[in-house]
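Note that the protein sequences, when read in sequence, are chains A and B.
The C-terminal position of the first sequence is numbered 173 in UniProt numbering, with every residue numbered one higher than the one before it.
The C-terminal position of the second sequence is numbered 299 in UniProt numbering, with every residue numbered one higher than the one before it.
Virtual Cβ for every residue (Gly too), placed ideally from N, Cα, C.
Since the structure is predicted, the reported quantities are computational estimates derived from the model, not experimental observations.
Structure first, then comments.
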Amino acid sequence: MKQEQPIGICEELKFSAFFKSHAKALRNFLYYKFGNEEQADEATQEAFIKLWENCASVPTEKAKSFLYTVANNTTLNHIAHKKVVLEYSKKNVNHDTNNQSPEFLMEEEQFKVKLQKAIANLSEAQRSAFLLHRIDGKKYHEIAEILGIGVKAVEKRIHGALLQLRKEIDTFR
Amino acid sequence: MNENVTLAKWLNDEMNDKELKDFMALPEYATYSKIKEFSGQLTVPQADMDALYQNIARNRNKAHQPKVRKLNPWMPRVAAILVLALGITFFFYTTKTTTQIAEAGKMDTFLLPDNSEVVLNAGSEADYKEFNWDSNRKLQLNGEAYFKVAKGKTFDVVTPVGTITVVGTQFNVRARNGRLDVTCFEGKVKVTNGKETVFLTPGKTVAYENGTKLNLPDVKATKPGWLNHETYFGKVRLQEVISEMERQYNVTINLNAKAEKRFNGTIPMNNIDNALDQIILVYHLQAKKEGNIITLSAE
Numbered sequence: 001m002k003q004e005q006p007i008g009i010c011e012e013l014k015f016s017a018f019f020k021s022h023a024k025a026l027r028n029f030l031y032y033k034f035g036n037e038e039q040a041d042e043a044t045q046e047a048f049i050k051l052w053e054n055c056a057s058v059p060t061e062k063a064k065s066f067l068y069t070v071a072n073n074t075t076l077n078h079i080a081h082k083k084v085v086l087e088y089s090k091k092n093v094n095h096d097t098n099n100q101s102p103e104f105l106m107e108e109e110q111f112k113v114k115l116q117k118a119i120a121n122l123s124e125a126q127r128s129a130f131l132l133h134r135i136d137g138k139k140y141h142e143i144a145e146i147l148g149i150g151v152k153a154v155e156k157r158i159h160g161a162l163l164q165l166r167k168e169i170d171t172f173r
Numbered sequence: 001m002n003e004n005v006t007l008a009k010w011l012n013d014e015m016n017d018k019e020l021k022d023f024m025a026l027p028e029y030a031t032y033s034k035i036k037e038f039s040g041q042l043t044v045p046q047a048d049m050d051a052l053y054q055n056i057a058r059n060r061n062k063a064h065q066p067k068v069r070k071l072n073p074w075m076p077r078v079a080a081i082l083v084l085a086l087g088i089t090f091f092f093y094t095t096k097t098t099t100q101i102a103e104a105g106k107m108d109t110f111l112l113p114d115n116s117e118v119v120l121n122a123g124s125e126a127d128y129k130e131f132n133w134d135s136n137r138k139l140q141l142n143g144e145a146y147f148k149v150a151k152g153k154t155f156d157v158v159t160p161v162g163t164i165t166v167v168g169t170q171f172n173v174r175a176r177n178g179r180l181d182v183t184c185f186e187g188k189v190k191v192t193n194g195k196e197t198v199f200l201t202p203g204k205t206v207a208y209e210n211g212t213k214l215n216l217p218d219v220k221a222t223k224p225g226w227l228n229h230e231t232y233f234g235k236v237r238l239q240e241v242i243s244e245m246e247r248q249y250n251v252t253i254n255l256n257a258k259a260e261k262r263f264n265g266t267i268p269m270n271n272i273d274n275a276l277d278q279i280i281l282v283y284h285l286q287a288k289k290e291g292n293i294i295t296l297s298a299e
């Protein structure tokens with residue numbers, strides 16, 4: 001995260017650099033909320049265009065929070081949320097897969113599917129906080145900044161998310 | 001459990017050794033551990049961020065205009081139509097003339113915007129503009145009317161013969177065939193006829209006939225007689241008296257006789273036979289009635 005761009009973001013190069021450093025995270029965040037790539041793309045574009053339109057009045061250090069504020073507001077306009085569909089990274093697959101018994105692998109696959117479903121069933125607030133941590137590797141204070149809430153509230157959401165996930169997975173074992 | 005965020009602490013590796021040990025002893029630990037492991041492997045379906053940026057770059061320069069452009073074709077038109085409609089309405093409203101007419105045989109009483117009362121005698125017409133009435137109290141009169149004017153600024157009655165200006169008063173105006181009779185009943189009345197200006201006090205009457213001023217006796221009544229169907233004529237040509245009777249009774253009266261003498265007196269306007277009798281008596285005439293047509297001829 002490069003937040004120390006000099007004056008204003010109206011300059012093409014600065015804007016493009018700012019986009020490179022923030023767009024992906026913003027899009028991910030929006031995807032956690034909408035569960036819909038198209039809407040996430042659209043909202044990401046909208047947020048950046050709004051930022052460009054207001055670049056003169058938004059100081060660089062405020063640009064990020066401006067971006068997320070716009071994104072958070074756009075969220076309210078979309079009602080039809082879809083289920084979040086997340087894929088598992090291929091490269092993270094265990095090296096010694098070959099040594100595992102087929103039963104174990106089966107169980108693992110089942111668990112993965114259950115986890116996907118359970119995440120999709122989380123509340124929007126819990127899911128966003130949880131996935132920002134797990135996928136984007138954001139610190140709690142960063143998540144707090146993105147969501148516009150306190151760190152304590154983030155911890156509560158994460159705690160609640162884990163509790164909920166564990167319950168759902170264990171219940172449908 | 002409300003404020004318990006231990007799971008969040010654990011996920012963020014913030015637990016101390018003892019806490020961790022206790023946590024790991026829980027039967028649920030296995031599942032939590034797996035959640036942590038596998039959720040870390042999750043990925044978001046990725047977009048072509050360059051394409052996204054191109055999109056933004058393309059739209060952002062238009063970004064200011066599209067909103068304007070969307071409104072452009074309509075907003076000015078709608079605004080123009082509104083302004084036009086408003087203007088037309090205002091124009092008609094400000095120039096709209098209200099007309100009150102009392103037909104032959106009927107009187108008409110109406111109130112002006114300031115609650116001034118006007119009684120139109122039969123066969124009379126009054127025009128005025130309601131817009132801005134309070135600061136422009138002006139009324140055009142053709143015929144005869146009695147005014148009971150509310151207090152306020154000037155009040156003008158414009159007749160073909162002259163203009164009557166009053167301040168809070170009651171007065172009668174008769175403007176017929178080039179003759180103007182103004183009688184003041186209360187307050188003060190200013191009558192302007194050409195260059196001449198006359199002020200009337202209660203009971204005084206002024207009359208002009210074809211530019212000549214006529215002197216008429218004072219009136220003792222507090223209201224014009226015609227309000228009670230008793231019309232007073234002061235030095236009026238017989239033809240005019242007959243015209244007034246035609247208006248009041250809604251009949252046609254033909255005068256087939258010469259009558260130089262002017263009429264002075266009161267004629268009832270609710271009983272045509274009595275009215276005719278008076279005329280016949282004064283002018284030595286005889287009357288013949290055929291339906292709505294009355295012929296007066298020499299005896």
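Residues near residue i by beta carbon distance below 7 angstroms, same chain, minus five either side
| i | result |
| --- | --- |
| Tyr53 (chain B) | none |
| Met15 (chain B) | Lys9, Phe23 |
| Lys20 (chain A) | none |
| Ala118 (chain A) | Leu165, Glu168, Ile169 |
| Thr183 (chain B) | Phe171, Asn172, Thr205, Val219, Pro224 |
| Leu285 (chain B) | Ala257, Ile279, Leu296, Ser297, Ala298, Glu299 |
Alpha carbon of residue i to alpha carbon of residue j, nearest angstrom
| i | j | result |
| --- | --- | --- |
| Thr44 (chain A) | Ser101 (chain A) | 44 angstroms |
| Thr197 (chain B) | Ala207 (chain B) | 12 angstroms |
| Leu200 (chain B) | Ile253 (chain B) | 34 angstroms |
| Phe18 (chain A) | Ile135 (chain A) | 21 angstroms |
| Glu12 (chain A) | Leu122 (chain A) | 39 angstroms |
| Gly143 (chain B) | Ala150 (chain B) | 21 angstroms |
| Tyr128 (chain B) | Thr99 (chain B) | 7 angstroms |
| Asp156 (chain B) | Lys96 (chain B) | 18 angstroms |
| Asn215 (chain B) | Asp277 (chain B) | 27 angstroms |
| Ala56 (chain A) | Cys10 (chain A) | 6 angstroms |
| Ile81 (chain B) | Phe92 (chain B) | 16 angstroms |
| Lys21 (chain B) | Ala71 (chain A) | 41 angstroms |
| Asp273 (chain B) | Leu227 (chain B) | 19 angstroms |
| Lys18 (chain B) | Val58 (chain A) | 47 angstroms |
| Val251 (chain B) | Glu244 (chain B) | 10 angstroms |
| Gln41 (chain B) | Lys112 (chain A) | 10 angstroms |
| Ser124 (chain B) | Ile294 (chain B) | 22 angstroms |
| Val151 (chain A) | Leu84 (chain B) | 58 angstroms |
Counterpart residues of residue i in DSSP-defined beta bridges
| i | result |
| --- | --- |
| Ser285 (chain B) | Inspection of the sequence shows that residue 285 (chain B) is occupied by Leu rather than by Ser. Leu285 (chain B) is bridged to B:Ala298. |
| Leu180 (chain B) | B:Ala175, B:Tyr208 |
| Glu37 (chain B) | In DSSP, Glu37 (chain B) forms no bridge with anything. |
| Leu214 (chain B) | B:Ala207 |
| Phe199 (chain B) | B:Lys190 |
| Thr252 (chain B) | B:Ile293 |
| Gln170 (chain B) | B:Lys148, B:Glu186 |
| Thr165 (chain B) | B:Asp156, B:Lys190 |
Start and end residues, beta strand (DSSP E) containing residue i
| i | result |
| --- | --- |
| Asn142 (chain B) | 137-148 |
| Val118 (chain B) | 117-120 |
| Lys223 (chain B) | Looking at the DSSP string, Lys223 (chain B) is not in any beta strand (DSSP E), and its letter there is neither H nor E. |
| Gly160 (chain A) | Not the beta strand (DSSP E): Gly160 (chain A) falls in the alpha helix (DSSP H), residues 151-171. |
| Lys235 (chain B) | 230-236 |
| Ala102 (chain B) | 97-102 |
| Val44 (chain B) | Where Val44 (chain B) is concerned, there is no enclosing beta strand (DSSP E), given that its DSSP letter is neither H nor E. |
| Asp156 (chain B) | 155-158 |
| Cys26 (chain A) | Reading off the sequence shown, one finds Leu at residue 26 (chain A), where the question assumed Cys. Taken as a continuous stretch (DSSP letters only), Leu26 (chain A) belongs to no beta strand (DSSP E), being part of the alpha helix (DSSP H) at 12-34. |
| Asn264 (chain B) | 263-268 |
| Leu111 (chain B) | 108-111 |
| residue 187 (chain A) | Residue 187 (chain A) lies beyond the stretch modelled for chain A, which goes from 1 to 173, so this question has no answer here. |
Range of the contiguous alpha helix (DSSP H) that encloses residue i
| i | result |
| --- | --- |
| Phe131 (chain B) | That residue, Phe131 (chain B), is in no alpha helix (DSSP H); it is neither H nor E in DSSP. |
| Glu37 (chain A) | 37-53 |
| Thr6 (chain B) | 6-11 |
| Asp17 (chain B) | 17-24 |
Within chain D, the residues that residue i reaches when beta carbons sit closer than 9 angstroms
| i | result |
| --- | --- |
| Phe18 (chain A) | Absent here is chain D; the protein component of the structure consists of chains A and B. |
For residue i, the nearest candidate out of the options (CA to CA)
| i | options | result |
| --- | --- | --- |
| His22 (chain A) | A:Val58, A:Cys55, A:Ser65, A:Glu42 | A:Ser65 |
| Val44 (chain B) | A:Lys14, A:Leu86, A:Cys55 | A:Leu86 |
| Ala259 (chain B) | B:Lys220, B:Leu276, B:Arg237, B:Asn270 | B:Arg237 |
| Pro113 (chain B) | B:Ala122, B:Ile88, B:Leu139 | B:Leu139 |
| Arg58 (chain B) | A:Ile143, A:Gln116, A:Ser16, A:Gly137 | A:Ser16 |
| Glu109 (chain A) | B:Ile35, B:Ile280, B:Thr99, B:Lys261 | B:Ile35 |
| Ala144 (chain A) | A:Thr69, A:Thr74, A:Asn54, A:Ala40 | A:Thr69 |
| Asp134 (chain B) | B:Val119, B:Val167, B:Ala126, B:Thr159 | B:Val167 |
| Val119 (chain B) | B:Asn292, B:Lys106, B:Trp74 | B:Lys106 |
| Met269 (chain B) | B:Asn121, B:Thr31, B:Asn115 | B:Asn121 |
Other residues of its chain near residue i: CB distance less than 8 angstroms, five sequence neighbours each side excluded
| i | result |
| --- | --- |
| Leu67 (chain A) | His22, Leu26, Ala47, Phe48, Leu51 |
| Leu111 (chain B) | Glu117, Val118 |
Residues near residue i in its chain [Cβ-Cβ closer than 6 angstroms; skip 5 each side]
| i | result |
| --- | --- |
| Lys138 (chain A) | Leu132 |
| Glu186 (chain B) | Thr169, Gln170, Pro202 |
| Asp181 (chain B) | Arg174, Ala207 |
| Val241 (chain B) | Phe233, Phe263 |
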